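Taking it in order: structure first as structure tokens, then the write-up.
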Amino acid sequence: MLNLIRNEHMKIYRRLRTWILGGLLIVIVVLAALFSHSGYSTNDDNWKIRAAESIEHNQKELENPDVPAKFKQKMREDIALQQYMLDHNYPPTDSTLWGGTLSAAGLIIMVTLFTVIIAGDMVAGEFTWGTIKLLLIRPASRAKILLSKYLTTLLFAATLLIVMFITSLIMNGFLYGFQSLNLPHLTVNAAGQVREGSMLVYVFATYGLKLIELIMIVTMAFMISTVFRSSSLAIGLSIFIMFAGQIITLLLMRYSWGKYFLFANTDLTPYLEGQPLAEGMTLGFSITVLLFYFLLFIVLSWEIFRRRDVAA
Numbered sequence: 036m037l038n039l040i041r042n043e044h045m046k047i048y049r050r051l052r053t054w055i056l057g058g059l060l061i062v063i064v065v066l067a068a069l070f071s072h073s074g075y076s077t078n079d080d081n082w083k084i085r086a087a088e089s090i091e092h093n094q095k096e097l098e099n100p101d102v103p104a105k106f107k108q109k110m111r112e113d114i115a116l117q118q119y120m121l122d123h124n125y126p127p128t129d130s131t132l133w134g135g136t137l138s139a140a141g142l143i144i145m146v147t148l149f150t151v152i153i154a155g156d157m158v159a160g161e162f163t164w165g166t167i168k169l170l171l172i173r174p175a176s177r178a179k180i181l182l183s184k185y186l187t188t189l190l191f192a193a194t195l196l197i198v199m200f201i202t203s204l205i206m207n208g209f210l211y212g213f214q215s216l217n218l219p220h221l222t223v224n225a226a227g228q229v230r231e232g233s234m235l236v237y238v239f240a241t242y243g244l245k246l247i248e249l250i251m252i253v254t255m256a257f258m259i260s261t262v263f264r265s266s267s268l269a270i271g272l273s274i275f276i277m278f279a280g281q282i283i284t285l286l287l288m289r290y291s292w293g294k295y296f297l298f299a300n301t302d303l304t305p306y307l308e309g310q311p312l313a314e315g316m317t318l319g320f321s322i323t324v325l326l327f328y329f330l331l332f333i334v335l336s337w338e339i340f341r342r343r344d345v346a347a
């Protein structure tokens, strides 16, 4: 199995396209960090002034009887957070390296896109290049061959994700400074008390949940690659579904059964803030739905590849 995975890695990394995608990802992360930092003020007291003004504004709004109770609760939480930040001299996360690193999590869609391009080529490419027969005459079973290709795809995705995270952390560290490494992640509990947590754990949780989304879409792209003999068609269809899925989700969420749609559950990060996409959806529900689709994609990939006639 290790030899098969090693061979698949060689196929990926000996192609110029792979290195171009990797370099492009680094450039995108660097440019995004520079663009975000361009509006950053170097005056350390600015955030304190804004926080004090926000507290004063929210306190006045709390006295307004026309403001809904739900919004008042959010205002109380904001007041507690901003007052705690002022009391302990904690700057807003947005103006630190952690803010930039968290913002970079939104660029995981680029990691997904680049991995989809590779995944769409993993099986269909063997038919396009005419190398599928040479691959299947090896002693290894079809199951091991397919598994090695899938694991290699996931390892490639993990590599891109690590490169993106490290690049973002270093770049934002140089832009904002590394003095905020020990900055805590602040939350407000049900009693209105501010709690300090590990920012590193929160960042890893954000990236970890994004990784689940990445795995699901890549698995879908890999399944599509086993269906078609044309790598171009497999890649194109995978990219189309990847972007169209979000639009379709917005349309389907008007119906009660829309929450069972794959792309309604792929992004799990809203659960970190307690804000699910739709009422009644929970983290456990979304994970269950994703597990169903994951098993479906894996079974379809295996059955199609196992039955595939390579005589043509």
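If you're matching positions, the sequence shown starts at 36 in this note's numbering and goes up one per residue.
Backbone N, C-alpha and C define an ideal beta-carbon position, used for all residues, glycine too.
All values reported here derive from a predicted model rather than from experimental measurement.
Applying the criterion that 16 or more other CB atoms from any shown protein chain within 10 Å of the CB defines a buried residue, is residue i buried or exposed?
i: L39; result: buried
i: Y242; result: buried
i: T188; result: buried
i: W14; result: Limits of the chain in this structure are 36 at one end and 347 at the other, which puts residue 14 out of reach.
i: G212; result: exposed
i: Q214; result: exposed
i: A347; result: At A347 the pLDDT is 46, less than 50, meaning the model places this residue with poor confidence; the figure from the coordinates comes in the next sentence. That one is exposed.
i: Q117; result: buried
i: T128; result: buried
i: F239; result: exposed
i: K105; result: exposed
i: G208; result: buried
i: M157; result: buried
i: M36; result: exposed
i: L285; result: exposed
i: R52; result: exposed
i: L216; result: exposed
i: F275; result: exposed
Among the residues of its own chain, which have a CB less than 7 Å from the CB of residue i, if the five just before and after it don't count?
i: L335; result: M258
i: S321; result: N300, L303
i: N93; result: M110, D113, I114
i: E96; result: V102, M110
i: R50; result: none
i: I339; result: T261, V262
i: A313; result: M288, K294
i: W82; result: P126, P127, S130
Are residue i and residue j closer than 8 Å when you measure CB to CB?
i: V64; j: L148; result: no
i: L204; j: T136; result: yes
i: A139; j: A86; result: no
i: G309; j: L297; result: no
i: L249; j: V146; result: yes
i: V329; j: M251; result: Looking at the sequence itself, residue 329 is Phe, so the reference to Val does not match. Yes, these two residues count as a Cβ contact at 8 Å.
i: F278; j: A269; result: no
i: V253; j: A192; result: yes
i: V198; j: G58; result: no
i: H72; j: L210; result: yes
i: L196; j: L246; result: yes
i: V229; j: Y119; result: yes
i: I47; j: I153; result: yes
Excluding the 5 residues flanking residue i on each side, which residues of the same chain have their C-beta closer than 8 Å to its C-beta?
i: I55; result: none
i: E112; result: V223, G227
i: E231; result: P219, H220, L221
Per DSSP, which one or two residues make a beta bridge with residue i?
i: H220; result: G232
Between residue i and the rest of its own chain, which residues show a CB-CB distance below 6 Å, the 5 nearest in sequence each way excluded?
i: S273; result: V151, G155, A256, I259
i: G61; result: Reading off the sequence, residue 61 comes out as Ile, not Gly. Closer than 6 Å at the Cβ level, and outside the excluded window around I61, lie T202.
i: E43; result: S183, K184, T187
i: L69; result: none
i: F332; result: T254, M255, M258
Uninterrupted alpha helix (DSSP H) stretches inside the region 91 to 170 (no shorter than 4 residues): Listed in chain order, they are 104 to 123, 132 to 139, 143 to 157, 159 to 164.
Alpha helix (DSSP H) runs wholly inside the region 174 to 218, at least 4 long, in chain order: For the region 174 to 218, whole alpha helix (DSSP H) runs of length 4 or above, ordered along the chain, are 177 to 211.
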